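All residue numbers for the sequence shown refer to this note's numbering, where the first residue is 1131 and numbers rise by one.
Every residue, glycine too, gets a C-beta built ideally from N, C-alpha and C.
Just so it is clear, the structure is predicted and the values come from calculations on it, not from any experiment.
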Amino acid sequence: MIAKNIENIKGELPENVVLVAVSKTKPIEDLKIAFDTGQRVFGENKVQEMVSKSELLSKEIQWHFIGHLQRNKVKSIAPFVSLIHGVESLRLLKEINKQAAKNNRTIDILLQFYIADEESKFGLSLEEASGIIESDAYKELQNICIRGVMGMATFTSNQEKIRNEFKTLNNIHMSLKNDFFSREDSFDVISMGMSGDYKVAIDEGSNMIRIGSTIFGARN
Ligand SMILES: *Cc1c(COP(=O)(O)O)cnc(C)c1O
1131 MIAKNIENIK GELPENVVLV AVSKTKPIED LKIAFDTGQR VFGENKVQEM
1181 VSKSELLSKE IQWHFIGHLQ RNKVKSIAPF VSLIHGVESL RLLKEINKQA
1231 AKNNRTIDIL LQFYIADEES KFGLSLEEAS GIIESDAYKE LQNICIRGVM
1281 GMATFTSNQE KIRNEFKTLN NIHMSLKNDF FSREDSFDVI SMGMSGDYKV
1331 AIDEGSNMIR IGSTIFGARN
């Protein structure tokens, strides 16, 4: 099933859209099946789980951290993480920068925005993000690269509401691009869309979707 699911999703993805296979809670065997279909980008939301899986699987895998990252855990993923999706504070950016420097590398990150109307979801406002980017402290961070934006829509069956939230994130990306990153081609990622809403997300400009249950089946 896993291989078939990936094939089905990829069959209908526009070429510019990256598929992140969200493998949280799933056993190594499931990730191997996905890997064998050619899937190389995997998303995890727990530090320890991502570290253990990365030790057991191919070094070709690009590991994306998609959860809420605590500062004291950045150290564990800094040597190998490929993209951190959910950054929403200057303090966390500083810590990622520090650990990236220790590992002699630059770590790519996405700023997470609050586009839903659910209190359980995290994220910055456009004003808060602008404040961070304009700060002197941010300008000193040489070992991080802000690659774009990430957000989660409200969990609802109201498609228009979801569509509007994704539009908002696309507008935030455009606005930050114009104001701060107009000369940086690397500021090009809009990470939005999960199993239930990725088609709408792509319609609204997503170029990175994070798909778990549609690939691996429901989580417990
Ligand atoms: C779990 C998770 C996903 C995948 O969710 P599905 O609905 O199973 O596709 C995507 N993004 C984030 C941030 C997640 O935590």
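Hey, would you say the C-beta of residue i is under 6 Å away from at least one heavy atom of ligand 1?
{"i": "Val1152", "result": "yes"}
{"i": "Met1180", "result": "no"}
{"i": "Asn1175", "result": "yes"}
{"i": "Arg1170", "result": "no"}
{"i": "Ile1341", "result": "yes"}
{"i": "Met1324", "result": "yes"}
{"i": "Ile1196", "result": "yes"}
Please go through the same chain and pick out, in chain order, the residues whose beta-carbon is closer than 8 Å to the beta-carbon of residue i, but skip the five residues on each side of it.
{"i": "Phe1195", "result": "Gly1173, Glu1174, Asn1175, Val1177, Met1180, Ile1207, Val1211, Leu1213, Ile1214, His1215 and Gly1216"}
{"i": "Leu1240", "result": "Leu1213, Ile1214, His1215, Gly1216, Val1217, Ile1276, Arg1277, Gly1278, Val1279, Met1280, Val1319 and Ser1321"}
{"i": "Arg1349", "result": "Lys1154, Thr1155, Lys1156, Gly1342 and Ser1343"}
Taking 6 Å as the limit between beta carbons, can you name the residues of its chain near residue i, skipping five residues before and five after?
{"i": "Tyr1268", "result": "Ile1262"}
{"i": "Asp1327", "result": "Ala1283 and Ile1292"}
{"i": "Pro1144", "result": "none"}
{"i": "Lys1154", "result": "Glu1174 and Asn1175"}
{"i": "Thr1167", "result": "Ala1133 and Ile1136"}
{"i": "Gly1197", "result": "Asn1175"}
Thinking C-alpha only, which one of the options is nearest residue i?
{"i": "Val1147", "options": "Ser1343, Glu1314, Ile1274 and Ser1321", "result": "Ser1321"}
{"i": "Leu1149", "options": "Thr1155, Ile1136, Glu1159 and Ile1158", "result": "Ile1136"}
{"i": "Ala1151", "options": "Pro1144, Glu1145 and Lys1162", "result": "Lys1162"}
{"i": "Ser1316", "options": "Ser1325, Gly1323, Leu1306 and Met1324", "result": "Leu1306"}
{"i": "Asn1227", "options": "Glu1270, Lys1251 and Ser1265", "result": "Glu1270"}
{"i": "Thr1286", "options": "Ser1260, Phe1310, Met1324 and Leu1299", "result": "Met1324"}
{"i": "Phe1311", "options": "Gln1289, Ser1260, Asn1350 and Ile1341", "result": "Ser1260"}
{"i": "Leu1256", "options": "Tyr1244, Glu1249 and Ser1188", "result": "Tyr1244"}
{"i": "Asn1202", "options": "Leu1186, Arg1221, Glu1159 and Ser1188", "result": "Arg1221"}
{"i": "Phe1346", "options": "Lys1156, Glu1314 and Asn1308", "result": "Lys1156"}
{"i": "Lys1224", "options": "Gly1342, Leu1254, Ile1302 and Asp1266", "result": "Asp1266"}
{"i": "Met1338", "options": "Phe1252, Glu1314, Asn1350 and Asn1300", "result": "Asn1300"}
{"i": "Asp1309", "options": "Val1330, Glu1264, Gln1289 and Asn1288", "result": "Glu1264"}
Who are the near neighbours of residue i in its chain, counting only those whose CB is closer than 7 Å to its CB and skipping five residues on each side?
{"i": "Pro1209", "result": "Asn1233"}
{"i": "Thr1236", "result": "Ala1230, Asn1273, Ile1274 and Cys1275"}
{"i": "Lys1291", "result": "Thr1284"}
{"i": "Trp1193", "result": "Phe1172, Glu1174, Met1180, Ser1184, Phe1210, Val1211 and Ser1212"}
{"i": "Glu1170", "result": "It is Arg, not Glu, that sits at residue 1170 in the sequence shown. Cβ neighbours of Arg1170 beyond the five flanking positions: Glu1190, Ile1191 and Gln1192."}
Is the Cβ of residue i closer than 7 Å to any Cβ of chain D?
{"i": "Asn1233", "result": "Of the protein chains in this structure there is only one, and it is not chain D."}
Quiz item: Does the region 1293 to 1308 touch the region 1327 to 1339, meaning 3 or more C-beta pairs lie closer than 8 Å?
Solution: yes
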